[in-house]
Amino acid sequence: MSTIFNQVKEALGKPYGDLQFLLQCFQEVLEESKKEYLVGLIPWLDTTVKPTPKDLINNEYIHLMSMCFQLLNLVEVNGAVQSRRHKEDDEMASVNGLWAHQFKLLKSQGVSEQQILEVMPSVLVEPVLTAHPTEAKRSVVLHEYRKLYLLLVKRENQMYTRIEQEEIRTEIKQILHRLWHVGEIYIEKPRLESELDNILHYLTNVFPGVIIILDKRLRQAWKESGFDPDLLNNTDLFPGLSFGNWVGGDRDGHPLVTPEITKMTLKKLRVHAFSIVKNELKELAQKLSIYRNIREASKEFATRITVLAAELGQEAKIELKEHNDEVFRAFVLLLLHKIPIDLSRESSPELEDRDASYKNAGELIADLDLLYAELEASGIGEVARIDVGRCKRLLKVFGFHLAKLDIRQNSEYHEKALSQLVRTSLGDQTAEKVESSQQAKREFLDQELKINRPFLVRYQSLDKEGTNVVRSLQVVNEHIQKYGSQALGKLIVSMTRNAEDLLTVYLFMREAGLMIKQQTGLAAQLPVVPLFETIEDLKESPGILDDYLNHPVVKNSLKLQALENPNGELIQDVMIGYSDSNKDGGILASSWFLHEAQKELTEIGLKHGVSIRFFHGTGGSISRGAGPTHWFVKTLPFGSINGKIRITEQGETIERKYANLVNAAYNLELMISSVTAQTILHKNTTGQREEVETLFRRLGDRGRFYYRKLLSDPDFIRFFEQATPIDVIESSKIGSRPARRSGKRSMEDLRAIPWVFSWSQSRFNITSWYGVGSTLNEMKTKQPAEWEKLLHLVKYDPFVRYVMTNLDSSLASTDEVIMEKYAGLVEEKFIRERILTMMKDELQLTRDMLTALLKKPMNERRKSHYYSTILRAEALNFLHDSQIELLQKWRESKKNKTPDEDDYLFALLQCVNAIANALGSTG
Numbered sequence: 068m069s070t071i072f073n074q075v076k077e078a079l080g081k082p083y084g085d086l087q088f089l090l091q092c093f094q095e096v097l098e099e100s101k102k103e104y105l106v107g108l109i110p111w112l113d114t115t116v117k118p119t120p121k122d123l124i125n126n127e128y129i130h131l132m133s134m135c136f137q138l139l140n141l142v143e144v145n146g147a148v149q150s151r152r153h154k155e156d157d158e159m160a161s162v163n164g165l166w167a168h169q170f171k172l173l174k175s176q177g178v179s180e181q182q183i184l185e186v187m188p189s190v191l192v193e194p195v196l197t198a199h200p201t202e203a204k205r206s207v208v209l210h211e212y213r214k215l216y217l218l219l220v221k222r223e224n225q226m227y228t229r230i231e232q233e234e235i236r237t238e239i240k241q242i243l244h245r246l247w248h249v250g251e252i253y254i255e256k257p258r259l260e261s262e263l264d265n266i267l268h269y270l271t272n273v274f275p276g277v278i279i280i281l282d283k284r285l286r287q288a289w290k291e292s293g294f295d296p297d298l299l300n301n302t303d304l305f306p307g308l309s310f311g312n313w314v315g316g317d318r319d320g321h322p323l324v325t326p327e328i329t330k331m332t333l334k335k336l337r338v339h340a341f342s343i344v345k346n347e348l349k350e351l352a353q354k355l356s357i358y359r360n361i362r363e364a365s366k367e368f369a370t371r372i373t374v375l376a377a378e379l380g381q382e383a384k385i386e387l388k389e390h391n392d393e394v395f396r397a398f399v400l401l402l403l404h405k406i407p408i409d410l411s412r413e414s415s416p417e418l419e420d421r422d423a424s425y426k427n428a429g430e431l432i433a434d435l436d437l438l439y440a441e442l443e444a445s446g447i448g449e450v451a452r453i454d455v456g457r458c459k460r461l462l463k464v465f466g467f468h469l470a471k472l473d474i475r476q477n478s479e480y481h482e483k484a485l486s487q488l489v490r491t492s493l494g495d496q497t498a499e500k501v502e503s504s505q506q507a508k509r510e511f512l513d514q515e516l517k518i519n520r521p522f523l524v525r526y527q528s529l530d531k532e533g534t535n536v537v538r539s540l541q542v543v544n545e546h547i548q549k550y551g552s553q554a555l556g557k558l559i560v561s562m563t564r565n566a567e568d569l570l571t572v573y574l575f576m577r578e579a580g581l582m583i584k585q586q587t588g589l590a591a592q593l594p595v596v597p598l599f600e601t602i603e604d605l606k607e608s609p610g611i612l613d614d615y616l617n618h619p620v621v622k623n624s625l626k627l628q629a630l631e632n633p634n635g636e637l638i639q640d641v642m643i644g645y646s647d648s649n650k651d652g653g654i655l656a657s658s659w660f661l662h663e664a665q666k667e668l669t670e671i672g673l674k675h676g677v678s679i680r681f682f683h684g685t686g687g688s689i690s691r692g693a694g695p696t697h698w699f700v701k702t703l704p705f706g707s708i709n710g711k712i713r714i715t716e717q718g719e720t721i722e723r724k725y726a727n728l729v730n731a732a733y734n735l736e737l738m739i740s741s742v743t744a745q746t747i748l749h750k751n752t753t754g755q756r757e758e759v760e761t762l763f764r765r766l767g768d769r770g771r772f773y774y775r776k777l778l779s780d781p782d783f784i785r786f787f788e789q790a791t792p793i794d795v796i797e798s799s800k801i802g803s804r805p806a807r808r809s810g811k812r813s814m815e816d817l818r819a820i821p822w823v824f825s826w827s828q829s830r831f832n833i834t835s836w837y838g839v840g841s842t843l844n845e846m847k848t849k850q851p852a853e854w855e856k857l858l859h860l861v862k863y864d865p866f867v868r869y870v871m872t873n874l875d876s877s878l879a880s881t882d883e884v885i886m887e888k889y890a891g892l893v894e895e896k897f898i899r900e901r902i903l904t905m906m907k908d909e910l911q912l913t914r915d916m917l918t919a920l921l922k923k924p925m926n927e928r929r930k931s932h933y934y935s936t937i938l939r940a941e942a943l944n945f946l947h948d949s950q951i952e953l954l955q956k957w958r959e960s961k962k963n964k965t966p967d968e969d970d971y972l973f974a975l976l977q978c979v980n981a982i983a984n985a986l987g988s989t990g
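Using the numbering used here, read the sequence shown as starting at 68 and increasing by one per residue.
Laid out in structure tokens, this is it:
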């Protein structure tokens, strides 16, 4: 084994013993596959063999490295899980951020169990799954790695005999054989249907089981904290959880998301929701094989059975006859027949809406409430609380819709669609007037939103933008008319620049039949949500929201939508974008302006008597808002946590956090418990943080100045295009969405994901640190009193510490030597040396300033992160050499149009995937 591997194994222990075991299994797989020449190239096992220049551009070598890094990821995830289990075995509250830890924190702040119970039922956390193109691995490969992880966990069981352990080893090798022969990367772009199927895997195969684990852990933590367990018997008191989905609804720059795709998505989500409901009711019926005759039931319960029997006819007679002395079981089987799906078609069930079918999940929950009360009255309360409670809980989470589908579109796209609609229905002169100014557009919208009549009956004469917008909303309306609005989330307007961008959507809703005429005027059935992404839009967002909430149609709509909310609360969702704000202004500016916008938007909400629910559009990298969930929630401005939060889960983040039950439960518990605790603390404490805000406002402004200075350099774009694999990433097939919104070759049109992805692949990572060193150095030299404040705040203030610790993590994966190698791809020496010198100087300054600020080196502060980074670096260097060599050959081949261009591209795509595996992140 390599010296570094032995150091890491000695420092961190068992996970790296597991890695050694897996690598040895992989070695045998390669030998059995007649690939002996690769055995010596397996990283960490033997450092005496170095890859040759020929090896570096060999597809099989790159595939080997990719698999080895994925094995490292698996053992580290399992190591973290086992470490948490050991800690909790000693003391449940010792794991930071989880329920027991949060209850301990709340008790130390003098919060009583009754105060906690008052808040918990009002909490609603909603992770929103997206298919943003940051998952480089095919779904078939992800499936094999999930199975491999389970076998790795199985090895932990000390009860297995030597023979059983050998069988586990054989199964591991079989999976490694399959992974070796299965292609890891997408050769063609994945279809939207396959992206949806991947999301459905988590929603149907992972999350239902996770909910049960979460509820058990909540009860256990409550009891361990010394609270009265009888107070938490009813799942109605638990924090709310639901899921959102963008696949099939997010059409921003995605021409393949057609109205037909949205319709198909809504149907698939509904069918899969019923499969969960069906399985739960079947299992519940099995558990209720309790001898009890209908004559022994209460009058209310017996009457309901009579009503159900009349509704269901022959089906009910059969069930009641077969289970005459098992009234509870018979009752559940009757409920099962009311599920609006054809249960006879197990392989491909179809929706089946009959008169007797449930219209919504609330009707089924009401019947389960009746069953719950009957069991309690019969002295079977424990069965009611655990078994019926479980079924109710899953229904409240997934309903008949599984996950709420958001519909997102860009404001510019809406603008084109509006122009087409007005031009077609009212003529060129009116259209030109509406387009002449923002004020003219506002006057037009204000006037039109007083009338509930569409412009057109047929839309064939509209261009594609107008047709797509109207038809998509008609699909939404058709679904709502048939099933209700529970399956729909929000209508999100990306790149919101003014209130008119939002009011335009109401006009399209009117066109599609989604507006309701009330005494006070028109009201929309679905919420319209601004997405503020750039720094300028974040700065303008309070004024835009103030204007928007003041509009009569918006007021009417919020009141209509509040009928679905607990206590009739008026709620306005606001989405904030971490990716584009970072791309626009750098890490310090993004962190600060997002923070300030949330604070000011919360105050605007208070002014209008509206609760603002923030939807955090975070990604998988630090540049795009990633970081430990419990620390992230702690940093949110005072008052902005009101028990309600939405947050995106994107690409490889979904696989990393939710691929297995235990890790999925951990990540969801972090989110729910943190939101609950911070909501309670915000409610019971004051939030004066002027010192932090004044100081960080200055850091954000100056950080943006230095970051933009680099990006505005006339030679910067040329350096970026040649020194990073952006051209490969734009040629990759890792998502159905294009890399650019409209296909233009400009920085503005380039999406934030490939921007971050390309800088991380080449180990520059400028998006998460550039400008920080100069900003901090300026403060230290020119404002020493402010610097002293920062030294104090970084120890105690969650927001300051979170930002600086994330910066530190990014610096750990930034490598000057590798940066220099990629810079060697820049053809013009003057540009190469000048831009690289600027970056290296800023990097060194940033390292120095972070060391001065955080005091201790990373190997003392974050031992696991430090050792994992140096272990990965030892093998990563060879992969970077591969990518650079292949980039040179591919670009030369493209230039000369030689026949080996596609071969080089395929190897490069494999290399991108391998480096992404090694870094644990793409975009």
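Note that beta-carbon positions come from the ideal geometry of N, C-alpha and C, so glycine has one too.
- Shown here, A288 sits in a helix according to DSSP, grouped into three states.
- DSSP lists N477 as the beta-bridge partner residues of S561.
- Rounded to whole angstroms, the separation of the alpha carbons of A147 and G653 is 31 Å.
- Put simply, of Y773, N632 and D969 the residue whose alpha carbon is nearest the alpha carbon of S799 is D969.
- Judged by DSSP in its simplified three-state form, I679 adopts strand.
- Cβ-Cβ distances below 8 Å link E578 to L488, P521, F522, L523, V537 and L540 in the same chain, with the five nearest sequence neighbours on each side left out; the list follows chain order.
- In this structure P704 is not in contact with V641, their Cβ atoms being roughly 13 Å apart against a cut-off of 8 Å.
- The C-alpha of K117 is placed about 21 Å away from the C-alpha of S100.
- DSSP places M226 in no beta strand (DSSP E); its state is neither H nor E.
- In this structure, L874 lies away from W826, with their beta-carbon atoms at least 7 Å apart.
- Judged by beta-carbon spacing, L243 lies beyond the 7 Å limit of F72, meaning their Cβ atoms are not closer than that value.
- Cβ contact annotation for K345 (same chain, cutoff 8 Å, sequence separation greater than five): L403, I406, I408 and L410, in chain order.
- Contact annotation: T715 and G684 have beta-carbon atoms nearer than 7 Å.
- Annotation: the continuous alpha helix (DSSP H) that includes T534 extends over K531 to Y550.
- In this structure, L219 sits near L141, with a CB-CB distance shorter than 7 Å.
- Counted as a single uninterrupted DSSP element, the stretch harbouring E736 is not any beta strand (DSSP E) but the alpha helix (DSSP H) occupying residues L728 to N751.
- In the three-state DSSP reduction, K426 falls in the coil class, being neither helix nor strand.
- In the DSSP annotation of this structure, the continuous segment of the alpha helix (DSSP H) that includes R337 starts and ends at P326 to K354.
- F599 is bridged by DSSP to I643.
- Shown here for G644: same chain residues with a beta carbon closer than 7 Å to its own, the five before and five after excluded, namely L598, F599, E600 and G684 in chain order.
- With contacts defined as CB atoms closer than 7 Å, A890 and L903 qualify as a contacting pair.
- DSSP places V220 inside the alpha helix (DSSP H), whose first and last residues are S206 to K221.
- For the options K459, S150, L299 and V867, the alpha carbon positioned closest to that of E185 is the one of L299.
- Apart from sequence neighbours up to five positions away, the residues of its chain that approach R213 with a beta-carbon distance below 8 Å are A726 and N727, ordered along the chain.
- With fewer than 16 other CB atoms across the displayed protein chains lying within 10 angstroms of its CB, F897 is exposed.
- Across the set L438, E499 and R939, the C-alpha of L438 shows the shortest separation from the C-alpha of L351.
- Membership of E927 in the alpha helix (DSSP H) is indicated by the continuous run M925 to R928.
- Note that the C-beta distance between G840 and T913 is below 7 Å.
- For T715, the three-state secondary structure derived from DSSP is strand.
- When DSSP reads this structure, P194 sits in a beta bridge with I714.
- Residue environment analysis places Q505 among the exposed positions, since fewer than 16 neighbouring C-beta atoms fall within 10 angstroms of its C-beta.
- C-alpha of I432 to C-alpha of E223: approximately 40 Å in a straight line.
- Under DSSP, the beta-bridge partners assigned to K471 are G311.
- Out of R229, E347, H339 and V192, the CA that lies nearest to the CA of H268 is found in H339.
- DSSP places Q585 within a strand segment (E or B) once states are collapsed to three.
- The beta carbons of P609 and E567 sit no closer together than 7 Å.
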